[in-house]
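Asker:
In the numbering used here, the protein residues as written are -19 to 970.
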């Protein structure tokens, strides 16, 4: 209920609700306007002098959109409700169709012309008069008059007259009502602006009231009163025109449209009552109405055109005023110098920023010549600025932008960038110059400082150019040396000794150093060993020297932390001075450049370059060259390691090829699409083929041709995609001869460096023999389990399988039943042993089925005695009821057995309930047995019972007395227990 109410309350705010409200409003206005028009019908009963619905419909569609056209039909329907008359379908249909088409055409045409409903533009008024009032109204009058002719309401000779009157009524309705509605349903613009301009709202309202009273009074006097024939010849109807013009000029469009509506309404009302000048002047009513319509057309069109013209002019004046204010504020508040000079160079305008910048007020500067006030005679460089200023005044077009020194009132020299625009008169003469200046003093000072800096820089560039030329020659030499080194075969073929000799010789000769050497760390990285040292002075190589980190800790630390050790003064540099006494001074080494050798991202050694003579500054280019030489050492070492690895790979490949060919398990490689890439001989034998070619030719699609279950291949692939591998995956496959074998697969995916799958590879093992052995073993195991379950309960058997040597459990509540066949000894003496065994088997098998039916556990049989228990090994709450029900079923079974064998059989049954201990003991011939007083008492109940009866203890009676029928036996003497009260179970209570 609340949901429906909420939906109902929200409906007016919905899109459909708003649309229906719009249609309803337009329809009601349409019907009301029509009803008013009918009361003032004119020349014809089929056309009014003014037809307001035409204007209402057009205004409604312009304001709300063409979608509200159904309001015209609804308005006509409402009109017929309040003004019932003869309804002819053709007339009704033609009138509605014409009105709708007329309004839709007018709105479409006006919108296509860019019409604005505000009527603030003259072209909008002209378009409304032309398309809305004169052209579109041709539609309704044509269709409406023709529908009257079809309905037989008018003769064809009257068609043009009726059409003419219909058109005049619609046109007047559009011209009078449409502007009125459009103007009053838009935001106020003109009047509000006029009020702001006047600034006196109270006086504005008083004048508006005076205007309205005078307009109504004059219009009433002219059109409502009965005019005398003597004055009727005068154009009295135009007396309200001054007030219409007044409204357009003073109060805006709304007042002008309202004035034309008021005048037209009073004129229609007066004429309909026989008053006014039109009745007096006209010869008949038709002519009077034509005069009235012509007058209304003139009044309406005049007011609309005049109001639009005034509105456009007011808008233009306001825009001009706002533009003037905006640009004045822009000039006054600009952060640039703005001034105006006359043709002789005298200052005629000086903005506020110029006053602040130059230090003059307007009173001090206006009327003075710029030369000598803000422009010095000469600048700092001695240029005559007076001649330049004179040239600017004579030819301002040549100096539209100019920079020069200026002078502040304080005497400070400043630089200003001027943008000049000549002011030209109508005859082409120069009236003055508008100057806009920007302070560039800081920029100018920076330019001067930059110019001085450039001069110094040019000198340094020249020096540097010479050094670069020398460096370029050195770089070219280094580049050539590196190219030759890269082409050397020793570096690429793994001959490390020869390669290092080439590197040290290249370093010594290219950089012109005395000694070059290569050192590599040992395995512990506690010392470095010299692999090659080249002495350029004697052109000799040597090796074998060692340096320990314990002796030179600072040097070793620097090797690990720095990209290169460029020691200008090696004997005093903290990184290398540890060698001074023992090495540097004796050999005269003054400078060292040691570059670490990187192998596998770790420092593996050092390339050492030693200079003899004056200390040497190592340039960046020389350090880069040393790094390149160290990289060459890295390449040579890696080439040797690569050669060793390739040799080891060849040996490993030969070894693994032997393993591949001689393996007893199948080895394979397959494509992702299921084709074999390679297999070993073992796999060929397993699948029963003679060669790889035969296997590949027959097994073109592993998915469909190999596996007995086609889905197995997909399962293997899914597991490998998920885990990357699959282990011991067992499947059945077809051999070449069609026989089926079992295989176990171990496979994994092989991908490239980007993780894209290349192929699958793995091993296959024939496990058919094992599977057959497992099946035979499983069969034997099932037989053993069945045998064990025939001896022991399921739960006890499961525990014995778990290697529990002793099983003993205590149960607080169980019910025990003993049964014994009466007279069995006498029966056994009358039949043969096989018949006796068969007889007992039939009876006890029946009891076994009953025990299974009631969910009880058979414990054992002893001769002709049968023992069963409820409530173990799985405890249950209804154990007493289950045993009682089985006892009754056993009695019935013995009766059925007697009838079947034509021999009387009887049993005694004893039942007791209470705690027991149950378990399995011994190591051979296991049996699940019970112990305790409860068991003994149950046995006594059977042995002291009567044939064909079920004797129970009082404990059983207390539990089952509400559900079963008992007969009290009273107290009896029980062996080992003394006197006990017992009961006979005879049946179930109904």
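From the three backbone atoms N, C-alpha and C, an ideal C-beta is built for every residue, glycine too.
Please read all numbers here as calculations on a predicted model, not as lab measurements.
1) Note the first and the last residue of the continuous alpha helix (DSSP H) segment covering residue 103.
2) Measuring straight from C-alpha to C-alpha, what distance separates residue 159 and residue 124?
3) Mind checking whether residue 340 and residue 389 have CB atoms under 8 Å apart?
4) Just the Cα atoms here: how many angstroms apart are residue 434 and residue 547?
5) Between the alpha carbons of residue 380 and residue 394, how many angstroms are there, rounded?
6) Am I right that residue 929 and residue 964 are in contact with their C-beta atoms under 8 Å? What's the rounded C-beta distance?
7) Return the residue from the list 321, 362 and 556 that minimises the CA-CA distance to residue 376.
8) In chain order, what residues of the same chain have a beta carbon less than 7 Å from the beta carbon of residue 534, not counting five sequence neighbours either side?
9) In whole angstroms, what separates the C-alpha of residue 193 from that of residue 315?
10) Tell me residue 600's beta-bridge partners as DSSP assigns them.
11) Grab the span of the alpha helix (DSSP H) containing residue 43 for me, first residue to last.
12) Assuming residue 891 contacts residue 839 under a Cβ cut-off of 8 Å, what Cβ separation, rounded to an integer in Å, is found between them?
13) Would you say residue 121 and residue 143 are within 8 Å of each other, going by their C-beta atoms?
14) So residue 521 and residue 481 are in contact, right, with Cβ under 8 Å, and what is the actual spacing, rounded?
15) In the DSSP output, which residue or residues are listed as bridge partners for residue 514?
16) By the three-class DSSP mapping on this structure, what secondary structure does residue 354 have?
17) What is the DSSP secondary structure of residue 419, counted as helix, strand or coil?
18) Residues in the same chain with beta-carbon distance under 6 Å from residue 747, minus the five sequence neighbours each way, listed in chain order, please.
19) Just to check my reading of the structure: residue 705 and residue 728 have Cβ atoms closer than 8 Å, yes? What is that Cβ distance to the nearest angstrom?
20) Just how far apart, CA to CA, sit residue 23 and residue 138?
21) Can you tell which of 831, 685, 405 and 795 has the C-alpha that lies nearest to the C-alpha of residue 896?
22) Pick out whichever of 291, 301, 157 and 732 has its Cα sitting closest to the Cα of residue 240.
23) How many Å lie between residue 179 and residue 185 at the Cα?
24) What's the C-alpha gap between residue 467 and residue 552?
25) Any contact of the region 41 to 53 with the region 81 to 91, i.e. 3+ C-beta pairs under 8 Å?
26) With distance defined between alpha-carbon atoms, name the residue in 917, 829, 832 and 843 nearest to residue 803.
27) With DSSP as the reference, label residue 846 as helix, strand or coil.
28) Taking DSSP as the reference, what is the three-state secondary structure of residue 964?
29) Considering only C-alpha positions, which residue in the set 912, 798, 577 and 920 is nearest to residue 959?
30) Rounded to the nearest angstrom, what separates residue 560 and residue 609 at their Cα positions?
31) With H, G and I counted as helix, E and B as strand and the rest as coil, what does DSSP make of residue 532?
32) Let me know the alpha helix (DSSP H) ranges lying completely inside the region 464 to 496, each 4 residues or longer, listed in chain order.
33) Less than 8 Å between the beta carbons of residue 650 and residue 714, yes or no?
34) Compute the distance between the beta-carbons of residue 488 and residue 513, then report whether it is under 8 Å.
35) The beta strand (DSSP E) spanning residue 687 covers which residue range?
36) If I'm right that residue 507 touches residue 526 with Cβ under 8 Å, what's the distance once you round it to whole angstroms?
Answerer: Short version:
1) 102 to 107
2) 24 Å
3) yes
4) 35 Å
5) 20 Å
6) 5 Å
7) 321
8) 554, 555 and 558
9) 55 Å
10) Looking at the DSSP assignment, residue 600 forms no beta bridge with any residue, so it has no partner.
11) 32 to 44
12) Residue 891 to residue 839, Cβ: 14 Å. No contact.
13) yes
14) 5 Å
15) 496 and 521
16) coil
17) strand
18) 722 and 724
19) 4 Å
20) Low confidence applies to residue 23: its pLDDT is 37, below 50, so where it sits in the model is not reliable enough to give any reading.
21) 795
22) 157
23) Because residue 179 carries a pLDDT of 46, less than 50, the predicted location of this residue cannot be relied on, and no value is offered for it.
24) 39 Å
25) yes
26) 843
27) strand
28) strand
29) 920
30) 25 Å
31) coil
32) 469 to 473 and 476 to 491
33) no
34) no
35) Per DSSP, residue 687 belongs to no beta strand (DSSP E) and is neither H nor E.
36) 5 Å
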